[in-house]
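In what follows, a single structure is set out as structure tokens and then discussed.
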Amino acid sequence: MKRTTSIVLCASLILGGCASMDKEQMKDIPKIVSVKDYDGKYIGEHKERNEIFLKKYKAEAEKKYKKYVKEVFGLDCKINLLDSYTNSYGFGEKNQSDGLAVVGTVKYDVPFQLRLIFVESNGKLVITTFTPGHVNETSAAVAAMMYKYYEYDIEQARLKFKSEVEKNGYYAMNEQLEKKQEFNGVTKQYLNVNTDSIDDLNIFKREFKPVMKLKGAEFNQQMEILINKYPEIKRNMCLEFIAFYNKKAKDDVNKYSWDLQIPTNDTMKKLPGTKMMYFYKDGVSPSKLGEDGKLKRQTNDISMDGGNWDKYKNEKN
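Anchor point for the sequence shown: position 235 equals 235 in full-length UniProt numbering, and the numbering is continuous, going up by one each time.
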């Protein structure tokens, strides 16, 4: 499981050890699992070197994760997943580096998911970030703030999507697995939400963090100020409405995704940013993640815009 999208801001020290797969352990890992009941216990890589690295740094990574959440957001959290992985950038063990991914739920008015990546540098465990300003990490909190600001409209759209797909035999990922997605933002049944942040940790702490603590009209007033000052946090919101299916033909799902635009249009068009409806064939890898932070799927996804039916209808006419 590679974490190749991050920009490592510290040098990682290569951990030696055996890179051979533990065959006995692999026998216990199924090839495919269902999102209906899989609890995520095999997420990660399971070579001997990964198990050694995990055992060595698990407690320290959990401690540093909680400390980061408290310092950056002023909040508590619950850790849902801690897994080990190896990145390769050449041939042989000397061109491999190990790391830990920690995923947790931050306890906010709108709880949000936060993933942190840890690597070993100069014999110590350190956080590796995507940018110097921690934009990817703080975007999780900004997504929660935007969800809180638009909560009524977002919930109306989510519940409408839920009711429509469930009566047609589609279903959601189980909640336990949902909270182990390597995702920065808000995860709810049938919905993932993220957005942009400010690539400056000091600005986030000075301007966004105090607003997180506010409630009601005062919160809404200060959020309007932030949205006007940083319009990208509204413009670049991404709302992913996600449903799974099993015994359905791909052509039928394609047609259904098109038809679903009509009953969901009125609620989705009220939302800012990009709205997408995704339909995933159930049956995912128990351990390997795709580039989107979700467990790797067997087939290509089926997707459709949300909230744009008026435009398509006019173009058709």
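Ideal placement from N, C-alpha and C gives every residue a C-beta, glycine not left out. Fair warning: this is a prediction, and the values are worked out from it, not measured in the lab.
Check, Outcome
"For Pro111, the three-state DSSP class (helix, strand or coil)", "coil"
"C-beta neighbour in chain C for Cys238, strict 8 angstroms", "Going by chain labels, chain C is absent from the structure shown, which holds only one protein chain."
"Cβ pair count under 8 angstroms reaching 3, the region 244–263 against the region 277–285", "yes"
"Simplified DSSP state of Lys78, which is helix, strand or coil", "strand"
"Nearest neighbour of Trp258, chosen from Gly306, Leu81, Ala217, Ala172 [CA to CA]", "Gly306"
"Segment limits, alpha helix (DSSP H) that includes Ser163", "151–166"
"Buried or exposed (CB count within 10 angstroms, at least 16 for buried), Gly169", "exposed"
"Where Thr5 falls, given that 16 or more other Cβ within 10 Å makes a residue buried", "Legend: pLDDT at Thr5 = 38, less than 50; position of this residue unreliable, value from coordinates given subsequently. When all chains shown are included, Thr5 counts as exposed."
"Exposure label - Asn136; buried when at least 16 CB within 10 Å", "buried"
"Beta-carbon proximity check, Asn228 vs Gly273, cutoff 8 angstroms", "no"
"At least three beta-carbon pairs within less than 8 angstroms, the region 165–181 to the region 28–45", "yes"
"Contact check, Glu182 vs Val103, beta carbons under 8 angstroms", "yes"
"Bounding residues of the beta strand (DSSP E) (the contiguous stretch that carries Asn192)", "191–194"
"Through-space distance from Ala61 to Leu125, alpha-carbon basis", "7 angstroms"
"Own chain residues within Cβ distance below 6 angstroms of Tyr171, not counting five before or after", "Phe244"
"Pairwise C-alpha distance: Lys78 and Gln25", "The predicted position of Gln25 is uncertain, since its pLDDT is 48 and thus under 50; a value taken from the coordinates is nonetheless stated next. Rounded to the nearest angstrom, the two C-alpha atoms are 28 angstroms apart."
"Burial state of Asp76, where buried means 16 or more other Cβ atoms lie within 10 Å", "exposed"
"Status (buried if at least 16 other CB within 10 Å, exposed otherwise) for Arg206", "exposed"
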